[in-house]
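Undergrad:
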Ligand SMILES: Nc1ncnc2c1ncn2[C@@H]1O[C@H](COP(=O)(O)OP(=O)(O)O)[C@@H](O)[C@H]1O
Ligand SMILES: [Mg+2]
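Protein chains in written order, with the UniProt record's numbering: chain A, 1 to 261; chain B, 1 to 407.
#1: Looking at the C-beta of residue 177 of chain A, does it have a partner C-beta in chain B at a distance below 7 Å?
#2: Helix, strand or coil: how does DSSP classify residue 224 of chain A here?
#3: Indicate whether residue 51 of chain A and residue 213 of chain A have their beta-carbon atoms separated by less than 7 Å.
#4: If you draw a straight line from the alpha carbon of residue 1 of chain A to that of residue 207 of chain A, how long is it in whole angstroms?
#5: Under 7 Å, Cβ to Cβ, is there at least one residue of chain B near residue 183 of chain A?
#6: Is any heavy atom in ligand 2 found nearer than 6 Å to the beta carbon of residue 232 of chain A?
#7: Applying a beta-carbon distance threshold of less than 7 Å, which residues of chain A neighbour residue 16 of chain B?
#8: Check whether the Cβ of residue 135 of chain A sits closer than 6 Å to any heavy atom of ligand 1, and report yes or no.
#9: Within the stretch 133-201 of chain A, note down every full beta strand (DSSP E) run reaching 3 residues or more, in order along the chain.
#10: Where does residue 185 of chain B sit, in a helix, a strand or coil, going by DSSP?
#11: Classify residue 388 of chain B: buried if its beta carbon has 16 or more other beta carbons within 10 angstroms, exposed otherwise.
#12: Would a check of beta-carbon distances place residue 308 of chain B closer than 7 Å to chain A?
#13: Measuring only the C-alpha atoms, how far is residue 92 of chain A from residue 324 of chain B?
#14: Mind checking whether residue 230 of chain A and residue 221 of chain A have CB atoms under 7 Å apart?
#15: Taking the Cβ atom as the reference point for each residue, do residue 118 of chain A and residue 401 of chain B lie within a distance shorter than 7 Å?
#16: In angstroms with no decimal places, state the Cα-to-Cα distance between residue 228 of chain B and residue 114 of chain B.
#17: Please decide whether residue 341 of chain B counts as near chain A, where near means a Cβ-Cβ distance under 7 Å.
#18: Grouping DSSP H, G and I as helix and E and B as strand, with all else coil, what is residue 390 of chain B?
#19: Using the beta-carbon of each residue, which ones in chain B are nearer than 7 Å to residue 104 of chain A?
#20: From residue 96 of chain B to residue 367 of chain B, what does the alpha carbon distance come to, in whole angstroms?
#21: For the alpha helix (DSSP H) that residue 20 of chain A lies in, which residues bound it at each end?
#22: Residue 323 of chain B CB to nearest chain A CB: under 7 Å?
#23: Would you call the stretch 131-139 of chain A and the stretch 89-103 of chain A touching, i.e. three or more CB-CB distances under 8 Å?
#24: Using a Cβ-based criterion (distance less than 6 Å to any ligand heavy atom), does residue 292 of chain B qualify as near ligand 2?
#25: Between residue 391 of chain B and chain A, is the shortest Cβ-Cβ distance under 7 Å, so that the two count as touching?
#26: Please give me, in chain order, every unbroken run of the beta strand (DSSP E) with length at least 3 that falls completely inside the stretch 253-326 of chain B.
#27: Who are the Cβ neighbours of residue 266 of chain B in its own chain at under 7 Å, not counting the five residues just before and after it?
#28: Smallest Cα separation from residue 43 of chain A: which of A:242, A:227, A:243?
#29: Using a Cβ-Cβ distance under 7 Å, would residue 127 of chain A count as near chain B?
#30: Consult DSSP for residue 203 of chain A and reduce its assignment to one of helix, strand or coil.
#31: Which stretch, first to last residue, makes up the beta strand (DSSP E) that contains residue 227 of chain B?
#32: So what does DSSP say about residue 358 of chain B, is it helix, strand or coil?
#33: Between residue 98 of chain B and residue 230 of chain B, is the Cβ-Cβ spacing less than 7 Å?
#34: At least one CB of chain B closer than 7 Å to the CB of residue 16 of chain A: is that the case?
#35: Please go through the same chain and pick out, in chain order, the residues whose beta-carbon is closer than 7 Å to the beta-carbon of residue 92 of chain B, but skip the five residues on each side of it.
#36: Is the closest heavy atom of ligand 1 to the C-beta of residue 213 of chain A under 6 Å?
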């Protein structure tokens with residue numbers, strides 16, 4: 001299968017060593033309390049992988065994802081993204097990486113309000129220095145591929161949750177990044193819509209070789225991924241090949257294409 | 001991201017948040033319009049008073065018969081006739097005085113062709129025109145020889161001339177004053193209202209000799225209604241006042257310890273009072289304007305602060321999809337500046353429009369200076385840009401994750 005081949009290219013996209021993250025909080029007695037959330041995380045994710053990160057609420061999944069997405073910085077340890085040491089990068093360089101190399105999909109969609117789906121999808125291109133009319137053309141093309149062409153001029157509050165998430169995914173894809181990070185992308189969606197979104201991710205991974213790291217606490221969502229990582233209290237307690245994915249993919253092969261929904 | 005795209009992004013954000021944009025602009029409009037309106041009224045009043053004072057003539061005293069109300073009894077200035085033409089001539093000889101003009105007045109009926117007009121007549125000497133800073137519109141003033149010969153010549157005030165002659169040139173024409181023919185030799189330039197609000201241009205002036213003998217008549221020959229006295233220098237007004245008083249007491253044979261039978265008024269001092277009053281008015285209007293400006297500023301501040309949460313998240317999202325600090329700051333700065341400039345321009349137009357309406361309705365002089373426009377603009381812009389830009393600056397310095405999480 002094509003998906004297995006992608007996982008075998010063994011080219012590290014993400015490499016994390018001894019990564020720790022702690023927050024300092026002001027305690028009730030006025031003293032500073034240090035709350036460590038991630039403990040010595042070591043993790044390598046190769047290009048073309050489809051990874052699900054699971055764990056209970058509060059186990060540090062989002063914290064890890066935000067660091068992977070260059071939205072947050074670790075307290076200690078190193079993070080190499082596509083061979084670059086992220087800690088050594090300037091703010092502008094990080095912005096450039098978020099723009100070009102990473103597509104972030106949030107649980108709450110995080111679309112810009114009062115802006116059409118089309119403009120939401122096109123905005124990363126503007127920050128990449130591409131003119132508005134060309135940006136819109138490409139955004140429309142992506143919306144077509146995610147089946148939202150007829151909703152291009154709708155604003156987020158005029159779209160359903162599933163549609164909003166697809167707009168968000170289109171936005172994450174527009175600069176053709178090698179990496180998609182999705183933090184509970186189906187957390188606000190019903191089962192049927194979740195399935196469609198997951199098939200979309202699966203297809204992106206399989207057909208375009210896009211690396212996908214996805215956080216979920218639902219087993220049937222994690223089942224789409226080919227590798228499963230389990231976090232508990234800031235430690236990786238499990239990291240294995242996901243057998244469940246093969247079953248799911250067999251079902252998908254039965255003819256459910258998310259692109260035609 | 002190039003500047004043009006950022007401008008487009010800022011403009012779009014303004015359009016997308018019409019209510020916020022509108023309310024913020026309203027703050028600017030109120031602030032700028034109020035300042036322009038208030039200050040222009042204040043400035044107009046000051047300008048008007050200064051013009052009136054300048055038209056009045058400089059270093060002036062007005063000497064009127066009768067004591068400065070004392071002992072509970074005051075002579076009505078019309079009933080006492082203690083000042084004479086010769087008093088005026090004598091005062092003119094004083095070293096601190098440059099000229100004097102004795103004045104008699106009365107009300108007369110004028111006729112020209114079929115037109116009638118009733119007005120005040122002033123009998124005086126040719127010095128009157130220079131002392132009172134009167135300028136001639138056409139023709140000439142009457143002369144010393146007219147004075148000596150008690151000639152029937154008249155100089156018309158501009159309003160009187162207009163009323164009798166319309167568009168016709170009065171110079172050289174003959175009018176009738178209480179049925180006696182007088183030759184019009186000149187027409188005065190308009191002065192407008194006096195400090196007390198009297199129309200100074202509705203009058204006719206003839207030699208005092210002619211007036212006494214032929215028009216007003218005189219129970220007390222040589223007596224006058226008042227005299228205008230012009231001091232030589234502004235610095236010596238106090239000395240001049242003492243000299244006038246001493247001379248008149250001597251001429252009127254007033255014993256030591258008795259009070260004056262005349263009153264010397266320093267018109268320059270009165271003018272100073274008027275100037276001060278206008279200054280106070282400007283300050284009061286300025287204060288009102290400042291309050292409006294402040295209220296407008298607080299309005300801007302509120303709207304901007306209320307939208308901070310939403311905008312901080314927006315900034316977080318923009319950073320997450322690749323906006324760098326500069327792109328965000330530029331966009332927010334541009335947004336704030338556009339609101340300020342648009343609001344300021346509208347406020348300016350509203351203020352000027354309001355000033356125009358006030359000048360029409362209240363018949364007031366309105367003066368708009370670049371300074372006041374600049375002040376209003378600068379203050380409102382400072383408020384708008386500070387409160388529009390400061391949250392953006394703060395948000396842009398956050399880590400994207402913190403901006404996204406901002407509540
Ligand atoms: N900004 C923060 N400040 C302090 N503590 C935080 C912050 N963000 C997360 N945490 C803490 O870190 C832990 C892990 O949070 P998170 O990564 O969001 O968990 P998950 O996504 O797995 O539910 C939680 O205990 C949470 O309270
Ligand atoms: Mg989470």
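Backbone N, C-alpha and C define an ideal beta-carbon position, used for all residues, glycine too.
Since this is a predicted model, take the numbers as computed values, not measurements.
TA: Once the coordinates are examined:
#1: no
#2: coil
#3: yes
#4: Per-residue confidence for residue 1 of chain A stands at a pLDDT of 38, beneath the threshold of 50, marking its modelled position as unreliable; no derived number is given.
#5: no
#6: no
#7: 114, 115
#8: no
#9: 179-183
#10: strand
#11: buried
#12: no
#13: 5 Å
#14: no
#15: no
#16: 35 Å
#17: no
#18: helix
#19: 320
#20: 38 Å
#21: Unbroken run through residue 20 of chain A is the beta strand (DSSP E), 12-26; no alpha helix (DSSP H).
#22: yes
#23: no
#24: no
#25: no
#26: 262-266
#27: 61, 237, 241
#28: A:227
#29: yes
#30: helix
#31: 226-231
#32: helix
#33: yes
#34: no
#35: 99, 100
#36: no
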